[in-house]
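**Q**
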Amino acid sequence: MLKKLFWKQSLKVQVALFSNHPYPVTMPETPKLSELKELIDKCVMCGGCHAGCPTYELTRRENDAARGKVLLASAILNGELKPDGRLAEKFDHCLTCMKCVETCPAGANPVKVINSARNEIYKNSKRQLPNFIFEKLLPNPKRLSILAKFLAFALKLYSLMPPLNFLPFVKENRKRKFPNFKFSKLKSSYPKVIKGDGKASLKIGYFVGCMADSVFHDTGKAVIEIMKSAGAEVHLLKEEVCCGAPAYFAGDHESAKVMARKNVKLFNEKNFDFIVTSCATCGSVLKETYPELLGEAEASSFSSKVVDFQKLFVDELWNKLTFTENAKPIKVTYHDPCHLSRSMKVRNEPREILQKLPGVEFVEMEEADSCCGGAGSFGIKYYDDSLEIGRQKAESIRKSGAGVALTACPSCRMQIAELLNRYAPGIKITHTAILIRDMLKK
Ligand code: SF4
Ligand code: SF4
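Mapping of the sequence shown onto our numbering: position 441 corresponds to residue 445, and the numbering continues sequentially without gaps.
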């Protein structure tokens, strides 16, 4: 109780720092307000969420831990702070890694509070470029494809330039390592329905996601090849739109809802046995966030079918496949993507796969489930911080002695490639599906 009072007082100081408005100000009512209040009231201000919070461990600032953010959200809720663009920075500096959700003894779910506060702020600030991206580009596959081509071209140019200091993402005379963005889409190189080898036992919708479609074709190809070899009928829905994660995590829940509704309708029409993802963030948004955005009635049948590829492999595909007996020995380690281990609770399956695959020696790295520092736009907006947070991940991988690190999230893969390039050169990072595919009997 005393602790709660103390932190409420400290909040008043923060309010004075961040607000030019007479205290208190009135805040417009929104439909999310009641939900936010319920979650905020659960916080007992114990500070347990400081432990393991990557942004707090980096800066040691209260506002960079969940408790500070819950306090700011409480001030928004009480009308003591106006949820405008000036507050955005405080909530943006968070990886939504969910470590605080895991550690919070009171069940306050700070990440829900943070996302709701971002939504309040988004609705109350004018952000023209994000508005254009979230409302006009992401929900439209044709426009997104033009953006992907533009990025492919821009990054090609970037890769040819020397590490000049005025360029973005240059640190210690080195440029950021970006993956190759492709000029064509993965889905355009396959038919809509890929028949399984042998008797089809499962009808699977593959939610390819923007990254496998436009960047990591090798992941998408491996996932399709494994499912096909196991006899599944694989469907690729060309009208699939972005899962909505970039809009949702930036606070634009309305645009995320538009994308959610499109995907749910599209996939529900096909009556799949499973909807598989090879991206931790897509998977977690489809499974956990869609019911929150659209309501259980509209999204629950869709979301209940969503499964991470590694889990599907262990539960349904493994026993239908034959593996090579002459696999070249390989030593690997595994990085847990936050949205896969903490949101979708997929932790054991990748380890089971790696312990049993022929020729594979699996070594657990230290703190395998600590965030790599990528977290989508965080790694772009706070590049230096993302490197600082991720440095420990590169060190854990190096200390494991593995020659290859594996993961199941394109965003983590992109970030870890950059980290290894800087701090542990020579070690590769790839998706678990690619290793599995390489071990199949040809
Ligand atoms: S989600 Fe992660 S970075 Fe954000 S406050 Fe929680 S522990 Fe810290
Ligand atoms: S969010 Fe949870 S862990 Fe953090 S201060 Fe509140 S009750 Fe404690």
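Virtual Cβ for every residue (Gly too), placed ideally from N, Cα, C.
Keep in mind that this is a model prediction, so the values were computed, not measured.
Ligand 2 and Arg71: does the residue's C-beta get closer than 7 Å to at least one heavy atom of that ligand?
**A** True, at least one ligand heavy atom lies under 7 Å from that Cβ.
**Q** Have a look at Ile150 and Phe211 and give me their C-alpha separation to the nearest angstrom.
**A** Their Cα atoms are separated by approximately 20 Å.
**Q** Whose C-beta lies closer than 7 Å to the C-beta of Gly473 among residues of the same chain, with five residues either side of it excluded?
**A** With the chain running from 5 to 446 in the structure shown, residue 473 is simply not present.
**Q** Is the stretch 381–400 touching the stretch 314–334 in the sense that three or more CB pairs, one from each, lie closer than 8 Å?
**A** No: fewer than three Cβ pairs fall under 8 Å.
**Q** From the DSSP secondary-structure annotation, give me the bridge partner or partners of Asp312.
**A** Answer is Thr281, bridged to Asp312.
**Q** Quick one: Cα of Cys342 to Cα of Val238, how far?
**A** The alpha-carbon atoms of Cys342 and Val238 are separated by roughly 27 Å.
**Q** Give a yes or no on contact between the stretch 248–257 and the stretch 332–339, applying the rule of three or more CB pairs nearer than 8 Å.
**A** Cβ pair count under 8 Å is below three, so no.
**Q** Once the 5 residues before and after Leu62 are set aside, which same chain residues still bring their CB inside 8 Å of it?
**A** Around Leu62: Asp68, Asp389, Glu392, Ile393.
**Q** Which residues does DSSP list as the beta-bridge partners of Ile401?
**A** None; Ile401 has no bridge partner.
**Q** From Ser428 to Arg402, what does the alpha carbon distance come to, in whole angstroms?
**A** According to the sequence displayed, residue 428 carries Ala and not Ser. The alpha-carbon atoms of Ala428 and Arg402 are separated by roughly 6 Å.
**Q** Quick one: residues in its chain with C-beta nearer than 6 Å to the C-beta of Ala110, no 5 flanking neighbours on either side, listed in chain order?
**A** Cβ within range, chain order: Lys46, Val48.
**Q** If you follow the alpha helix (DSSP H) that Tyr252 is in, where does it begin and where does it stop?
**A** 249–254 is the span of the alpha helix (DSSP H), which, as asked, contains Tyr252.
**Q** In the DSSP assignment, what are the bridge partners of His435?
**A** Answer is Thr411, bridged to His435.
**Q** Determine, using beta carbons only, whether Ser259 and Pro143 come nearer to each other than 8 Å.
**A** It is a contact, given that the beta carbons lie within the stated cut-off.
**Q** Leaving out five residues on either side along the sequence, give the residues of the same chain with a beta carbon under 6 Å from the beta carbon of Val105.
**A** So the list reads Asn113, Val115, once near-sequence residues are dropped.
**Q** Run through DSSP, which three-state label would Glu244 get?
**A** Glu244 falls in the coil class under three-state DSSP.
**Q** Considering only heavy atoms of ligand 2, does any lie closer than 7 Å to the CB of Ala251?
**A** No, since every heavy atom of ligand 2 falls outside the 7 Å radius drawn around the Cβ of Ala251.
**Q** Could you check the C-alpha separation between Lys332 and Thr100 for me, to the nearest Å?
**A** Their backbone Cα atoms lie some 38 Å apart in a straight line.
**Q** Hey, how far is the Cα of Thr281 from the Cα of Gly287?
**A** Roughly 6 Å between the two C-alpha positions.
**Q** By the three-class DSSP mapping on this structure, what secondary structure does His1 have?
**A** With the chain covering only 5 through 446, there is no way to say anything about residue 1.
**Q** Please classify Ile440 as buried or exposed, where buried requires at least 16 neighbouring CB atoms within 10 angstroms.
**A** Buried, because 16 or more other Cβ atoms sit within 10 Å of the Cβ of Ile440.
**Q** By the DSSP assignment, the beta strand (DSSP E) with His257 in it spans what residues?
**A** Careful: His257 lies outside any beta strand (DSSP E), inside the alpha helix (DSSP H) at 257–272.
**Q** Looking at ligand 2, does it come within less than 7 Å of Val48, judged from the CB to the closest heavy atom?
**A** Yes, since a heavy atom of ligand 2 falls inside the 7 Å radius drawn around the Cβ of Val48.
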